[in-house]
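> The structure that follows is given in the form of structure tokens.
2 protein chains.
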Amino acid sequence: MSTAEETRGGETEPWGEVTPDAARRLLVAAVEAFAERGYHATTTRDIAGRAGMSPAALYIHYKTKEELLHRISRIGHQRALDILRTAARGEGGAAERLADAVGSFVGWHAGRRTTARVVQYELDALGPEARAEIVALRRRCDAEVRGIIEDGVATGEFEVPDVKGTTLAVLSLCIDVARWFNVNGSRTPDEVGALYADLVLRMVGSKARGAGQR
Amino acid sequence: MSTAEETRGGETEPWGEVTPDAARRLLVAAVEAFAERGYHATTTRDIAGRAGMSPAALYIHYKTKEELLHRISRIGHQRALDILRTAARGEGGAAERLADAVGSFVGWHAGRRTTARVVQYELDALGPEARAEIVALRRRCDAEVRGIIEDGVATGEFEVPDVKGTTLAVLSLCIDVARWFNVNGSRTPDEVGALYADLVLRMVGSKARGAGQR
DNA sequence: ACACTCCCTAAGCGCCCGCTCAGCTTCGGC
DNA sequence: GCCGAAGCTGAGCGGGCGCTTAGGGAGTGT
Chain L
1 MSTAEETRGG ETEPWGEVTP DAARRLLVAA VEAFAERGYH ATTTRDIAGR AGMSPAALYI
61 HYKTKEELLH RISRIGHQRA LDILRTAARG EGGAAERLAD AVGSFVGWHA GRRTTARVVQ
121 YELDALGPEA RAEIVALRRR CDAEVRGIIE DGVATGEFEV PDVKGTTLAV LSLCIDVARW
181 FNVNGSRTPD EVGALYADLV LRMVGSKARG AGQR
Chain E
1001 MSTAEETRGG ETEPWGEVTP DAARRLLVAA VEAFAERGYH ATTTRDIAGR AGMSPAALYI
1061 HYKTKEELLH RISRIGHQRA LDILRTAARG EGGAAERLAD AVGSFVGWHA GRRTTARVVQ
1121 YELDALGPEA RAEIVALRRR CDAEVRGIIE DGVATGEFEV PDVKGTTLAV LSLCIDVARW
1181 FNVNGSRTPD EVGALYADLV LRMVGSKARG AGQR
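Heads up: the protein sequence lines correspond to chains L and E, in order.
Here the working numbering is used: the first residue of the first sequence is 1, the next is one more, and so on.
Here the working numbering is used: the first residue of the second sequence is 1001, the next is one more, and so on.
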């Protein structure tokens, strides 16, 4: 599973799959601009400028500004799904896998906040077809988390009256990290991940919590 | 519980404090448009059109498009703060007050989703001065919730290793409801409020939870 | 040497934006 | 009956938007 070639922590600067080089630079510039100011407030001139190119250069590599957002959104969602899938298929009981899923998912939203922000909050700027494709990816993310929680309920590890609602809340909690996380703040992405993993285990009534935290 | 003068469901259509009538109609139209498409993607012609007026009419009542957002944001935040304050100063133990705060806060975010969406997600579209004012209101919301949690820890009702982080997570969880809540979905605002109140009591390790939920 | 392809730029098209302004109506006070 | 203020509109301004087009320079195969 997973995209190989990344070990952990470093994650080998993403967007490696985007070629040629100029197209990648434009895409990275677009991620930064969209995250800072929002899709609609970002101009194609701004994106091209950040990438050190003229406005026209953008249209050699992308048909429209929306295609840029679409590409960013698809790659980002695939990465998010990978993270959840890896955790869900890992070893250990439901509690371990849920903590792992939440910890790494939150770590990604905090550590790669600019990407996550675009991916999670600019969905509505996509046209109907592109949005439908992305929404499908989102539902698969939801299914991964729900699967772990259902496992835990089945084995008696968790005590959850409303599995669908709780799944929604867990994902919502993780996603919103991209909104408030501050790079200059006092917490590292890993610390937030650990805090959230503990909070989520409490939410599902897990008895096997890691003894508070240090 | 909750704020007098509204019986339930209706909430006495808000924005009553905005006068004259035309100014209120414009403001309500702006809330809808901003919530649907975002501040930057909304045109002044769209706002005026929804209110049944010509584009120029907007500028009789508001100096700029940004002033509209500022007004919406201030009134909305004040309403949110009122809800939290009422719950925090209520009777009962910390668990009851926290459940009340989360339940009504979430109920507002779900029931008045269009307003909440603008209030919570368009903050960055404001200029520096307006944003600073709103951020101050937000910090007071944070302080209300943290106060309840601190109370619960002090009395031994809660068991929370990281009060600041948990407060942040609780508020984040509630706020994100405005992003995903669907009016056509299967849950009412009150149901989501009840679910979230239970989840939050679990997060703070409250022993006095309401026996699952109905 | 030549043609061909790939990237890229300068210039600019057509459109729609936020916002303004002169002038029209409506209405209360006298 | 007349006046001034208040509320609103039609027309339109300066400007910036997304995107297009014509053409240039660098690299490659022959």
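All C-beta atoms, glycine included, are put in the ideal place defined by N, C-alpha and C.
Where does LEU126/L sit, in a helix, a strand or coil, going by DSSP?
Start at 1 with the first residue of the first sequence, and residue 126/L comes out as number 126. Of the three classes helix, strand and coil, the one that applies to LEU126/L here is coil, per DSSP.
> Counting C-beta neighbours from all protein chains within 10 Å, is the total for ASP83/L 16 or more, i.e. buried, or is it exposed?
In the first sequence, counting from the first residue as 1, residue 83/L sits at position 83. Note that residue 83/L is Ile in the sequence shown, not Asp. Answer is buried; the Cβ neighbour count reaches 16.
> For ASP100/L, count the other beta carbons within 10 Å of its own beta carbon; 16 or more makes it buried, fewer makes it exposed. Which is it?
By 1-based counting over the first sequence, the position of residue 100/L is 100. Buried, by the Cβ-count rule.
> Excluding sequence positions up to five away, which residues of its chain have a Cβ less than 6 angstroms from the Cβ of THR7/L?
Within the first sequence, numbered from 1, the residue matching residue 7/L stands at position 7. The predicted position of THR7/L is uncertain, since its pLDDT is 41 and thus under 50; a value taken from the coordinates is nonetheless stated next. Nothing listed; no residue qualifies.
> Would you mind stating whether PHE1158/E and SER1206/E have Cβ atoms separated by less than 8 angstroms?
Numbered from its first residue, the second sequence carries residue 1158/E at position 158. Numbered from its first residue, the second sequence carries residue 1206/E at position 206. Result yes, Cβ atoms of PHE1158/E and SER1206/E sit closer than 8 angstroms.
> Mind checking whether TRP180/L and SER1172/E have CB atoms under 8 angstroms apart?
Working through the first sequence from its first residue, we reach residue 180/L at position 180. Working through the second sequence from its first residue, we reach residue 1172/E at position 172. In contact: TRP180/L and SER1172/E (Cβ atoms closer than 8 angstroms).
> Looking only at its own chain, which residues have a Cβ that is under 6 angstroms from the Cβ of GLN120/L, when we skip the five neighbours before and after it?
Locating residue 120/L in the first sequence gives position 120, where the first residue counts as 1. Once the five neighbours on either side are set aside, the close Cβ partners of GLN120/L are ILE175 and ALA178.
> Under DSSP, the alpha helix (DSSP H) around PHE34/L begins and ends at which residues?
For the purposes of this step, residue 34/L is taken as the residue at position 34 of the first sequence. Its alpha helix (DSSP H) spans residues 21-37.
> Please report the distance separating the alpha-carbon of TRP15/L from that of ASP21/L.
Residue mapping note: residue 15/L aligns to position 15 of the first sequence, counting from 1. Residue mapping note: residue 21/L aligns to position 21 of the first sequence, counting from 1. TRP15/L and ASP21/L: Cα-Cα distance of roughly 10 angstroms.
> Against chain L, with Cβ distances strictly below 8 angstroms, would SER1104/E count as a contact?
The sequence position of residue 1104/E within the second sequence is 104, counting from 1. With 8 angstroms as the cut-off, SER1104/E does not count as an interface residue toward chain L.
> Can you pull the chain L neighbours of ALA1041/E, defined as C-beta to C-beta under 7 angstroms?
Counting from 1 along the second sequence, the entry for residue 1041/E is found at position 41. Per Cβ cutoff of 7 angstroms: HIS40.
> Kindly list, in the order they appear in chain E, the residues whose Cβ is closer than 8 angstroms to that of SER172/L.
In the first sequence, residue 172/L corresponds to position 172, counting from 1. What SER172/L touches in chain E: LEU1173, ASP1176, VAL1177, ARG1179 and TRP1180.
> Count the other CB atoms, across all protein chains shown, that sit within 10 Å of the CB of VAL145/L; report buried if there are 16 or more and exposed otherwise.
Position 145 of the first sequence, counted from the first residue, corresponds to residue 145/L. It is buried - the Cβ of VAL145/L has at least 16 other Cβ atoms within 10 Å.
> For TYR1059/E, which residues in chain L fall below 7 angstroms Cβ to Cβ?
Taking the first residue of the second sequence as position 1, residue 1059/E is located at position 59. Under the 7 angstroms cutoff, chain L gives no residues; its nearest Cβ is about 22 angstroms from TYR1059/E.
> Ordered along the chain, which non-local residues of its own chain (more than five positions away) have a Cβ less than 7 angstroms from that of THR1114/E?
The residue labelled residue 1114/E in the question sits at position 114 within the second sequence. Result list for THR1114/E: VAL1031, GLU1032 and ALA1035, in chain order.
> Leaving out the 5 sequence neighbours to the left and right, which residues in its chain are closer than 7 angstroms to ALA1197/E when beta-carbon positions are compared?
In the second sequence, counting from the first residue as 1, residue 1197/E sits at position 197. Result list for ALA1197/E: ALA1099, VAL1102 and GLY1103, in chain order.
> Please confirm whether LEU1081/E and LEU1137/E have their CB atoms less than 8 angstroms apart.
As a working mapping, residue 1081/E is identified with position 81 in the second sequence. As a working mapping, residue 1137/E is identified with position 137 in the second sequence. In contact: LEU1081/E and LEU1137/E (Cβ atoms closer than 8 angstroms).
> So, does the CB of LEU1215/E fall closer than 8 angstroms to a CB anywhere in chain L?
Outside the displayed span of chain E (1001 to 1214) sits residue 1215/E, for which this structure offers no information.
> DSSP state of ALA1136/E, grouped into three classes?
Walking along the second sequence from the start, residue 1136/E turns up at place 136. Helix at ALA1136/E.
> State the CB to CB distance for the pair ASP142/L and THR167/L, rounded to an integer number of angstroms; the pair is presumed to be in contact (CB under 8 angstroms).
Within the first sequence, residue 142/L is the residue found at index 142, counting from 1. Within the first sequence, residue 167/L is the residue found at index 167, counting from 1. ASP142/L to THR167/L, Cβ: 6 angstroms. Contact.
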